[in-house]
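Encoded as structure tokens, the structure appears first; notes follow it.
Number of protein chains: 4
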Amino acid sequence: MPEAAFVAALGAVFEHAPWVAQAAAARRPFDTVAALHAGLCAAVTSAPDALRHALLAGHPELAGRAARAGMIAADSIAEQARAGLDRLSDSEYARFEALNAAYRDRFGIPFILCIGRHGRASLLRAFEARLQSDPEREMRTAEAEVFRIAAIRLGRVVEEDGTLHTTGRISTHVLDTVLGRPAAGVAVELVEVVTDTETVCVARAVTNADGRTDVPLIGDRPVPIGVYEIRFALGDYHRRIGTNLPQPPFLDVVPLRFGVAEPEGHYHVPLAATPWSYQTYRGS
Amino acid sequence: MPEAAFVAALGAVFEHAPWVAQAAAARRPFDTVAALHAGLCAAVTSAPDALRHALLAGHPELAGRAARAGMIAADSIAEQARAGLDRLSDSEYARFEALNAAYRDRFGIPFILCIGRHGRASLLRAFEARLQSDPEREMRTAEAEVFRIAAIRLGRVVEEDGTLHTTGRISTHVLDTVLGRPAAGVAVELVEVVTDTETVCVARAVTNADGRTDVPLIGDRPVPIGVYEIRFALGDYHRRIGTNLPQPPFLDVVPLRFGVAEPEGHYHVPLAATPWSYQTYRGS
Amino acid sequence: MPEAAFVAALGAVFEHAPWVAQAAAARRPFDTVAALHAGLCAAVTSAPDALRHALLAGHPELAGRAARAGMIAADSIAEQARAGLDRLSDSEYARFEALNAAYRDRFGIPFILCIGRHGRASLLRAFEARLQSDPEREMRTAEAEVFRIAAIRLGRVVEEDGTLHTTGRISTHVLDTVLGRPAAGVAVELVEVVTDTETVCVARAVTNADGRTDVPLIGDRPVPIGVYEIRFALGDYHRRIGTNLPQPPFLDVVPLRFGVAEPEGHYHVPLAATPWSYQTYRGS
Amino acid sequence: MPEAAFVAALGAVFEHAPWVAQAAAARRPFDTVAALHAGLCAAVTSAPDALRHALLAGHPELAGRAARAGMIAADSIAEQARAGLDRLSDSEYARFEALNAAYRDRFGIPFILCIGRHGRASLLRAFEARLQSDPEREMRTAEAEVFRIAAIRLGRVVEEDGTLHTTGRISTHVLDTVLGRPAAGVAVELVEVVTDTETVCVARAVTNADGRTDVPLIGDRPVPIGVYEIRFALGDYHRRIGTNLPQPPFLDVVPLRFGVAEPEGHYHVPLAATPWSYQTYRGS
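Shown next as structure tokens:
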């Protein structure tokens with residue numbers, strides 16, 4: 415691939431910093447996306463400090479004025495929107511403004527986080543934790559987050575090669591242990607538990623003949639760190655197949671609550687159930 | 415027991431109707447509380463229709479003006495309070511007023527329900543369902559509820575004899591299947607799930623050395639029909655015994671959601687768990 | 415395919431009866447193996463009764479003299495050997511001789527059974543049951559078994575097309591619910607439980623990184639009807655990963671015993687275990 | 415209690431050594447059986463070495479000539495019989511003879527073991543292990559076993575006081591998780607797994623309305639160290655309640671295999687099952 419095309423294709427991977435792609439272009443060709451990513455990161459770490467600092471300084475704030483005004487890169491808009499940062503209440507927005515200001519005062523750069531890897535609760539926890547860090551360590555942390563963001567953007571640009579491992583998965587299946595077969599037609603809902611009182615629906619699906627959902631509840635992207643519940647409409651399933659149930663049934667909507675700590679991990683959370691018992695585990 | 419003492423002791427079992435105890439007194443002695451209860455009910459069903467109707471008409475409305483004004487029997491005050499009817503919001507109070515009025519218009523008696531056997535959601539469902547009934551059947555239903563109320567009051571008066579079966583139970587125990595022994599010191603909370611957004615804490619406890627709570631989460635009274643969640647602080651338990659957990663842990667607070675349809679039943683809902691799996695069932 | 419080649423390829427599918435392939439050749443071409451099989455069966459059922467009877471009469475006896483003397487078709491030798499009929503004790507051999515004689519006396523044909531679908535215990539049960547049948551029904555049963563045998567032989571001749579569904583599967587996987595991940599390196603053994611005192615080892619394997627065996631314990635052939643045990647060396651696994659176990663451990667070799675009734679079914683029998691608990695189910 | 419009666423009652427606790435009871439008599443009264451046992455043991459450990467050695471030397475050999483000839487104390491006869499030592503094959507008997515001789519040559523006393531705490535397999539393992547011990551340590555080990563034997567005999571003499579903890583328990587219960595209630599009428603059998611090919615039936619029972627056996631499968635005595643299987647006739651139960659099962663059923667006789675390492679422990683091994691799944695754990 416000619417240098418110009420290479421830079422054109424990858425210029426957006428590091429926000430407002432096509433110079434990274436240019437510097438890496440000299441090292442072509444790269445066998446894998448992982449090698450390409452390593453090459454881009456090396457281009458950064460071997461650059462003069464001023465340039466490295468500029469790379470960080472050029473990043474948009476989370477839920478910042480620039481973001482509200484749409485003055486940030488397309489990828490950032492999408493990433494912040496996926497994290498719900500474009501739907502903040504005024505009080506939440508104010509909180510981000512305050513944290514952004516405090517962080518910028520302390521470190522002289524915007525707060526940079528690969529938000530695709532965080533749910534809203536863990537994002538705020540991370541923000542407050544890093545405000546306590548020391549400048550030297552924080553520069554490295556911010557750069558590491560920039561590299562993570564780049565890896566995810568790169569993964570989207572270069573489809574076919576999975577060597578970057580930037581995505582995780584939440585999947586499930588439902589087994590009817592009364593009949594000893596998969597439970598088909600069970601409605602399942604994945605919600606993120608943001609706080610004790612606030613949950614956000616992330617995905618809805620219905621199990622197929624194999625008791626699985628046709629696609630993972632989350633896939634092809636990092637699983638945001640956080641707490642989730644998969645809710646299974648088990649009572650509806652049993653009513654439909656004609657099981658005689660009390661009113662209310664002992665098991666109706668069954669919630670399985672679990673935490674995700676590795677955004678690149680596979681969380682398979684199955685349900686094996688009868689109308690009177692169930693079990694789950696982290697499967698594979 | 416002399417008749418006067420008998421009437422004095424049991425006069426309050428049928429609200430504002432000591433005549434029931436008087437009529438039953440003739441049939442003394444009774445071998446069991448069940449026999450005594452049957453005797454009192456027989457005294458009602460063999461009474462003239464006018465008297466039977468008066469017995470129903472004399473009952474207080476649920477969350478009615480009389481209740482608010484404290485003009486009802488002590489037992490009724492306690493029973494309505496336990497069901498939370500003394501803590502209704504104005505809109506909920508208005509709804510009860512409307513239902514009470516509609517019911518009284520249709521059937522000429524107040525709505526009578528053994529509220530000890532209903533959670534708030536099932537109480538309203540029952541109220542609306544019975545508004546659709548026909549007068550003849552509804553009289554019998556109301557009388558049957560009066561008999562249930564009497565049985566529970568009787569059970570409190572006569573301690574030692576369990577023949578009435580007016581009480582149910584919710585109990586649990588927690589098993590640590592990593593160590594193959596009961597999990598001690600696990601905080602558990604029982605909440606009633608009133609609506610998707612409203613839950614009410616019913617009981618809190620901590621498991622003892624046998625992995626059980628010292629007393630049932632609900633006992634010595636009917637279990638109100640409804641949906642419940644037992645929430646187990648499993649993550650805290652594992653942290654305390656030094657298990658190495660991710661942050662957030664895969665299992666932290668584990669909710670077991672189940673429905674209760676038989677107020678006089680025993681619902682034993684155990685948790686057998688590791689940091690990565692759990693199972694439950696309706697046990698005995 | 416020219417008729418001669420067609421007959422040459424399929425002549426052995428019906429034992430000692432190339433005429434079946436010849437008769438079916440007229441109906442070429444066949445889209446699928448299932449269609450081909452149907453064509454061969456139709457050639458039989460549309461043949462004169464004498465020929466149909468000769469087809470059955472020409473079949474070898476199970477564990478019969480001809481088999482012992484090696485005077486039967488190669489496929490039959492292999493099938494009878496797989497069922498262990500070439501390793502019978504003298505008393506077992508005598509028993510087969512007696513059953514074969516009784517059957518031939520009663521029906522005038524040898525006992526025909528698709529032995530690939532039966533374990534040794536169910537084979538004898540089927541033999542004794544069919545001795546009680548009536549001649550008319552037994553002719554149809556024997557012919558149906560001939561068609562099953564043909565389907566399996568056909569499945570071997572024509573590799574690539576799975577439309578015949580003549581094969582089943584026994585598979586497993588092992589989950590370590592203490593660590594919440596697959597249990598690798600667990601030795602598993604599949605035995606057929608022939609009688610209370612006799613078991614025969616069918617397969618041995620060790621679980622891989624995904625907690626599964628690289629190939630099914632039984633696959634690419636019917637699963638013989640019978641009772642099986644999968645035995646998991648769970649104690650060895652826990653010792654190897656350094657779990658502190660009592661001596662003897664609570665769980666050492668874990669046997670999962672289950673019956674197979676559908677030779678063409680998939681029996682997935684997983685083990686989810688800690689050193690103190692386990693569970694299994696028929697999975698998918 | 416007068417000294418004579420005291421000695422008469424306890425004389426047999428230490429085999430052929432009434433002097434132990436005599437020496438302990440001086441320390442009367444004892445508050446608990448545990449205190450009494452401690453007093454008897456102290457009488458031994460404070461006796462001259464010659465006497466202590468004589469106490470050990472006076473013990474009968476396991477499955478020795480004296481035992482065969484009935485020349486040993488009644489308690490020993492019963493204990494050796496319970497361990498099956500009176501039913502040894504000639505080769506097993508010869509093996510014990512050889513071990514007894516080797517042990518006596520090496521240590522100058524008979525091999526002493528509290529056989530009530532061992533199954534046949536663990537008894538032989540212990541025998542071979544202790545043959546490798548050194549004389550000094552072996553004297554203490556043998557004396558400790560004499561004290562254990564005394565504790566068990568004492569426990570039988572003095573009924574009502576449980577302070578000695580010389581007994582363990584194996585119990586079970588069966589839960590029908592299809593119906594969410596205890597499984598009544600399930601035949602269960604407890605067998606000791608002596609070797610891969612030899613099992614010995616220890617107890618049979620049928621579950622009652624609560625899904626439990628009326629008495630523990632083993633209780634009121636130590637649970638012999640060893641490997642056991644509880645076998646549940648689950649298929650018969652499902653047939654009886656009218657469940658539609660394949661032939662053979664997926665689950666018919668369900669074996670739960672487990673090891674016992676603490677003879678004084680409580681091993682509760684429940685079965686929660688459907689026709690297609692089951693789970694077990696060491697419960698409490």
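Chains as they are written, first to last, in the working numbering: chain A, 415 to 698; chain B, 415 to 698; chain C, 415 to 698; chain D, 415 to 698. A virtual CB, placed ideally from N, CA and C, is assigned to each residue, including glycine.
Option nearest residue i by Cα separation, candidates the options
i         : options                                    : result
Ser585(A) : Ser698(A), Leu424(A), Ala422(A)            : Ser698(A)
Cys615(C) : Asp463(C), Tyr642(C), Thr627(C)            : Tyr642(C)
Arg509(C) : Phe672(C), Leu665(C), Ala477(C)            : Ala477(C)
Pro524(D) : Thr555(D), Ala452(D), Thr613(D)            : Thr555(D)
Ala423(D) : Val571(D), Val683(D), Asp445(D)            : Val571(D)
Glu612(D) : Tyr692(D), Ala601(D), Thr621(D), Ala535(D) : Ala535(D)
Ala487(B) : Ile644(B), Glu606(B), Ala431(B)            : Ala431(B)
Arg519(C) : Glu493(C), Gln546(C), Cys528(C), Ala619(C) : The sequence shown places Asp at residue 519(C), not Arg. Measuring from the Cα of Asp519(C), the nearest candidate turns out to be Gln546(C).
Gly673(D) : His473(C), Gly673(C), Leu502(C), Leu659(C) : Leu659(C)
Asp610(A) : Arg645(B), Pro636(B), Arg654(B)            : Arg645(B)
Pro462(D) : Met415(D), Ala440(D), Val434(D), Arg441(D) : Val434(D)
Tyr507(D) : Ile526(D), Asp575(D), Leu538(D), Gly533(D) : Leu538(D)
Arg411(C) : His473(A), Arg595(A), Val668(A)            : Past the edges of chain C, shown from 415 to 698, lies residue 411(C), and the structure says nothing about it.
Gln661(C) : Gly649(C), Val608(C), Gln436(C)            : Gly649(C)
His682(A) : Ser460(A), Thr627(A), Val458(A)            : Thr627(A)
Coil, strand or helix - residue i by DSSP
i         : result
Asp634(C) : strand
Pro702(B) : The structure shown does not extend to residue 702(B), since chain B is modelled only from 415 through 698, so no value can be given for it.
Arg501(A) : helix
Thr580(D) : coil
Leu476(A) : coil
Gly453(D) : helix
Gly679(A) : coil
His430(B) : coil
Ser691(C) : strand
Val588(C) : strand
Ala461(C) : coil
Ala601(C) : strand
Ala440(B) : coil
Ala448(C) : helix
Cβ distance (whole Å) where residue i is taken to contact residue j below 8 Å
i         : j         : result
Leu454(C) : Ala438(C) : 5 Å
Arg551(D) : Arg531(D) : Arg551(D) to Arg531(D), Cβ: 19 Å. No contact.
Leu670(C) : Thr694(C) : 5 Å
Ala647(D) : Gly625(D) : Ala647(D) to Gly625(D), Cβ: 14 Å. No contact.
Leu589(B) : Ala497(B) : With a Cβ gap of about 34 Å, Leu589(B) and Ala497(B) do not count as contacting.
His652(A) : Thr621(A) : 14 Å between Cβ atoms; not a contact.
Close beta carbons around residue i, own chain, < 8 Å, minus the five adjacent residues each side
i         : result
Trp690(A) : Phe664, Leu665
Arg618(B) : Ala601, Val602, Glu603, Leu604
Residues of its chain near residue i, where Cβ-Cβ distance is below 7 Å and the 5 sequence neighbours each way are ignored
i         : result
Ala564(D) : Val427, Phe428, His451, Leu454
Ala381(C) : Missing from the structure shown is residue 381(C); chain C here goes from 415 to 698 and no further.
Phe521(C) : Pro549, Glu552
Phe444(D) : Leu450, Gly453
Gln494(C) : Leu476, Ala477, Ala481, Asp500, Ile529
Residues near residue i by beta carbon distance below 6 Å, same chain, minus five either side
i         : result
Gly569(B) : Leu578, Thr580
Leu513(B) : Phe541
His680(C) : Arg583
Ala558(B) : none
Which whole runs of the alpha helix (DSSP H) in the region 603–677 of chain C are 4 residues long or more, in chain order? Runs of the alpha helix (DSSP H) inside the region 603–677 of chain C: 648–654.
Enumerate, from N- to C-terminal direction, the unbroken alpha helix (DSSP H) stretches of 4 or more residues contained entirely within the region 520–549 of chain B. 534–545
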